[in-house]
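Q: My questions will all concern the structure given below.
In my numbering, the protein residues as written are 64 to 233.
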């Protein structure tokens, strides 16, 4: 007598349309005291430099903040120089030692860098990435985005000096 039972139909699952969030709700969430603030992003021109007298001052293995460059593999440091208009010492927003994210160059060069050096005063709105001559990296990239990395206040980092800048303590 199975033929008298009603058929159970399994309708195809309906595609759920995501609910739209109203601009009023978004504004309310963004004004909440726990909403994270995002760091300011800067559009800059990026170039590379080598630790050589022709591209630096008379002492190419010492950066503007006093850090020592490893002459065998400078690219390993992931350090950059900023134009003076971007550094706090000359009225900018970024300090020596700040970590910045760089995006818009290449997969190899994009990522996190530490600000250790200053560019010549004739440059504005630029960054210079420290690499070695053996790395064979050349170029100039426009519309590169950088943003200062923000670390949560509850995290503590313990740094110790090393021969080549600062290193994390174990």
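All C-beta atoms in this analysis are idealised placements derived from N, C-alpha and C, irrespective of residue type, glycine included.
Can you look up residue 294 in the DSSP assignment and give me helix, strand or coil?
A: Coverage of the chain is limited to positions 64 through 233, which leaves residue 294 absent and any answer about it impossible.
Q: Shortest alpha-carbon distance to residue 155 belongs to which of 162, 164 and 145?
A: If we check each option's Cα against that of residue 155, 145 comes out closest.
Q: Identify every run of the beta strand (DSSP E) within the region 131-180, keeping only runs that are complete inside it and at least 3 residues long; order them along the chain.
A: Counting only runs of 3 or more, we get 142-145 and 162-166.
Q: Look at the Cβ atom of residue 135, then the Cβ atom of residue 193, and state whether they are nearer than 8 angstroms.
A: Result no, Cβ atoms of residue 135 and residue 193 do not sit closer than 8 angstroms.
Q: From 115, 187 and 105, pick the residue whose C-alpha is nearest to that of residue 197; which is it?
A: Residue 115 is the option with its Cα nearest to residue 197.
Q: Between which two residues does the beta strand (DSSP E) carrying residue 191 extend?
A: It spans 189-193 - the beta strand (DSSP E) in which residue 191 sits, taken as one unbroken run.
Q: In the structure shown, what three-state DSSP assignment does residue 198 receive?
A: Helix, per DSSP.
Q: On a Cα-Cα basis, can you pick out the residue from 167, 184, 210 and 148 that is closest to residue 202?
A: Closest option to residue 202, Cα to Cα, is 167.
Q: Going by DSSP, what residue range makes up the beta strand (DSSP E) through residue 105?
A: Here the beta strand (DSSP E) through residue 105 covers 104-112.
Q: If you draw a straight line from the alpha carbon of residue 195 to that of residue 148, how long is it in whole angstroms?
A: The straight-line gap from Cα to Cα measures roughly 26 angstroms.
Q: By alpha-carbon positions, which one of 165, 153, 160 and 170 ends up nearest to residue 104?
A: Per the Cα distances, 165.
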